[in-house]
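J.: The following block contains the structure, expressed as structure tokens.
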Amino acid sequence: MKKIISLICVLALCLGLLTVTAAAAENCGEGITWKLEDGVLTLSGTGATNEFVRNSDADSVNTPWWNQRGEITSIVVEEGIRELDNYTFYKCDKVTSVTLPSTLERIETRVFGG
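What follows is the structure, given as structure tokens:
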């Protein structure tokens, strides 16, 4: 019986890890993906980020990493990304470093708001 319970626990942990990995593969713009690993939020691809919207009632934003923003300590925007829209890094208040690419043409004024 203990072996069965142990096996179920291991399977549950593995499924939990797969869920986190799948979430990290989400797009945050057409042709742009993101990952959060060891506190580093990395945006990769080409083009512009989505137009993120701030919900003033809940003071939240619809970025796919919103619920993980407290874990973000560094932001890396890789070569190929041309635009960062408003609220992209809203309330990421533990960030101590940001790396931006030479391909960046436009940064909206509220990218780092909050």
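Note that this note's numbering has the sequence shown beginning at 15, numbered continuously upward. Just so you know, even glycine gets a beta-carbon here, dropped at the ideal spot from N, CA and C. Just so you know, these numbers come straight off a predicted model, no measurement behind them.
(1) Who are the near neighbours of E85 in its chain, counting only those whose CB is closer than 8 Å to its CB and skipping five residues on each side?
(2) Per DSSP, N129 forms a beta bridge with which residues?
(3) Taking the beta strand (DSSP E) that V91 belongs to, which residues open and close that run?
(4) What are the boundary residues of the beta strand (DSSP E) that V54 is part of?
(5) Mind checking T113: buried by the 16 CB within 10 Å criterion, or exposed?
T.: Inspection of the coordinates gives the following:
(1) As a first step, residue 85 must be located in the sequence shown, where it is residue number 71. Take E85, set aside five residues on each side of it, and the residues of its chain with a beta-carbon closer than 8 Å to its own are L50, G53 and K108, in chain order.
(2) What the structure shows of the chain is the stretch from 15 to 128, and residue 129 is not part of that stretch, so it cannot be assessed.
(3) The residue you call residue 91 lines up with position 77 of the sequence shown. Note, V91: beta strand (DSSP E), S88 to V91.
(4) On the sequence shown, position 40 is the one that residue 54 refers to. From DSSP, the beta strand (DSSP E) with V54 extends over V54 to G59.
(5) Position 99 of the sequence shown holds residue 113. Under this definition T113 is an exposed residue.
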